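Report on the following structure.
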Amino acid sequence: MPAKKPIEMSAEWMARFRSELTPQTQGIALGYCEKLIGAHLQAEGIEDLRCAHDYVSAAILDTMQGVRTWDPDRVNALPLYRHLCRVIYSRVYHDRHRLKQQRMRSYHEVDLDDENSVEVAMSLARDDERRRPDGAVMLKELHTKAWFWLRCAATARPGSADLVTLIDHLEVGVTGEPAVRGATGWPEQRYKNAARRFANLVRAMPTELLAAIQEALARSPANTGADWRKTKGTEIGAPHGDEDATSADVPGVDDDGHDDSWGDHEDLREAA
10 MPAKKPIEMS AEWMARFRSE LTPQTQGIAL GYCEKLIGAH LQAEGIEDLR
60 CAHDYVSAAI LDTMQGVRTW DPDRVNALPL YRHLCRVIYS RVYHDRHRLK
110 QQRMRSYHEV DLDDENSVEV AMSLARDDER RRPDGAVMLK ELHTKAWFWL
160 RCAATARPGS ADLVTLIDHL EVGVTGEPAV RGATGWPEQR YKNAARRFAN
210 LVRAMPTELL AAIQEALARS PANTGADWRK TKGTEIGAPH GDEDATSADV
260 PGVDDDGHDD SWGDHEDLRE AA
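Under the working numbering, residue 281 is the last one in the sequence shown; the count climbs by one each step, no gaps.
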């Protein structure tokens, strides 16, 4: 994770930190983390090695040691809960990215006393449900149902022409503001209005369909080699590669510390 070395924080800073670290703050961060991990597990079908409490504890420790900077005296300083959510997002994102790059690594410890343990571990490591014929068919059906649900829900809303157009482009892999505006010829404000309506629409999606949409967008051919996560404005930006999560807003937590029901929709709002 961060290469920055721990530093000793001032007594005044520690007192401010402890006063901000209330049970409510920790509860917001924990709830956000549980929702984030759940979305990634559904979308990726991977086994998570750490629970949400571990991520929250690590975020608190990194902040206390100055590894992740939180300056409460800065102009427009973030509340502590929002800072913690950003740190959590960064950790979860990077862990998820590493696991996706290590599909052949077994998550199960090898028993050296068992002569068959190596073969078992290797077979488990290759057991990716999405690569099975039945798994691929199931995902395809979910993708179809999810896009159909979005299109029907959009059509039922008044003035939905731009929203339906946006959904049509996302379905075929045209993601990110530059690509969508280039394909539609929309001005910036018109695009932002459509993206905002799309973000509101996905909040009502059933969980299983939402995960399918995340999977479809993340693996779109148009996204191969393209950093479609680097979007700002209406789409809440997400860290990419080795970027720090503090370069992005935190999805799902408003300025009052309430969950705004982004739920598991971050990848969708990035793609829009």
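Ideal placement from N, C-alpha and C gives every residue a C-beta, glycine not left out.
If you're wondering where the values come from, they're calculated on a predicted model, not measured in any experiment.
Practice task
Go ahead and pull the three-state DSSP assignment for I16.
Solution key: Residue state, collapsed to three classes: coil.
Problem - Cα-Cα separation, T34 to A61 - result: Distance between the alpha carbons of T34 and A61: 14 angstroms.
Exercise for the section: Starting from the Cα of E217, find the closest Cα among N202, A68, H152 and give me that residue. Expected result: Comparing Cα positions, the closest option is H152.
Problem - Cβ-Cβ distance between A68 and L93 below 7 angstroms - result: With contacts defined by Cβ atoms closer than 7 angstroms, A68 and L93 form a contacting pair.
Practice task
Check whether the segment 37–45 touches the segment 12–20, counting contact only when three or more Cβ pairs, one atom from each stretch, lie closer than 8 angstroms.
Solution key: As far as the Cβ criterion goes, the segment 37–45 does not touch the segment 12–20, which means the pair count is below three.
Handout entry: Residue interval of the alpha helix (DSSP H) (run including P187)
Key = Note, P187: alpha helix (DSSP H), 186–193.
Problem - Beta carbon of R160 nearer than 7 angstroms to that of P81 - result: No.
Practice task
Please report the residue range of the alpha helix (DSSP H) in which S66 lies.
Solution key: Note, S66: alpha helix (DSSP H), 61–73.
Exercise for the section: Enumerate, from N- to C-terminal direction, the unbroken alpha helix (DSSP H) stretches of 4 or more residues contained entirely within the segment 144–168. Expected result: Residue ranges of uninterrupted alpha helix (DSSP H) with 4 or more members are absent from the segment 144–168; none lies entirely inside it.
Problem - Cβ separation of L175 and A203, assumed to be a contact under 8 angstroms, to the nearest whole Å - result: Right, the Cβ-Cβ distance comes to about 5 angstroms (below 8 angstroms), so this counts as a contact.
Practice task
Would you kindly work out how many angstroms separate the C-alpha atoms of L172 and L219, rounded to a whole number?
Solution key: So the two alpha carbons sit approximately 17 angstroms from each other.
Handout entry: Check whether L89 and E43 have beta carbons under 7 angstroms apart
Key = Not closer than 7 angstroms, so no.
Problem - With 16 other Cβ atoms within 10 Å as the buried cut-off, status of F157 - result: Answer is exposed; the Cβ neighbour count stays below 16.
Exercise for the section: From the DSSP output, in three-state form, read off T174 for me. Expected result: Reduced to three states, the DSSP call for T174 is helix.
Exercise for the section: Go ahead and label G194 buried or exposed: buried means 16 or more other beta carbons lie within 10 angstroms of its beta carbon, across all protein chains shown. Expected result: Exposed, by the Cβ-count rule.
Practice task
With DSSP as the reference, label A86 as helix, strand or coil.
Solution key: Residue state, collapsed to three classes: coil.
Problem - Extent of the continuous alpha helix (DSSP H) to which V211 belongs - result: Where V211 is concerned, the enclosing alpha helix (DSSP H) stretches over 197–211.
Exercise for the section: With distances taken Cα to Cα, identify the nearest neighbour of R212 among A162, L70, V76. Expected result: The option with the nearest alpha carbon to R212 is A162.
Problem - Spatial distance of P32 from V65 (CA atoms) - result: When the Cα atoms are used, P32 and V65 turn out to be separated by approximately 12 angstroms.
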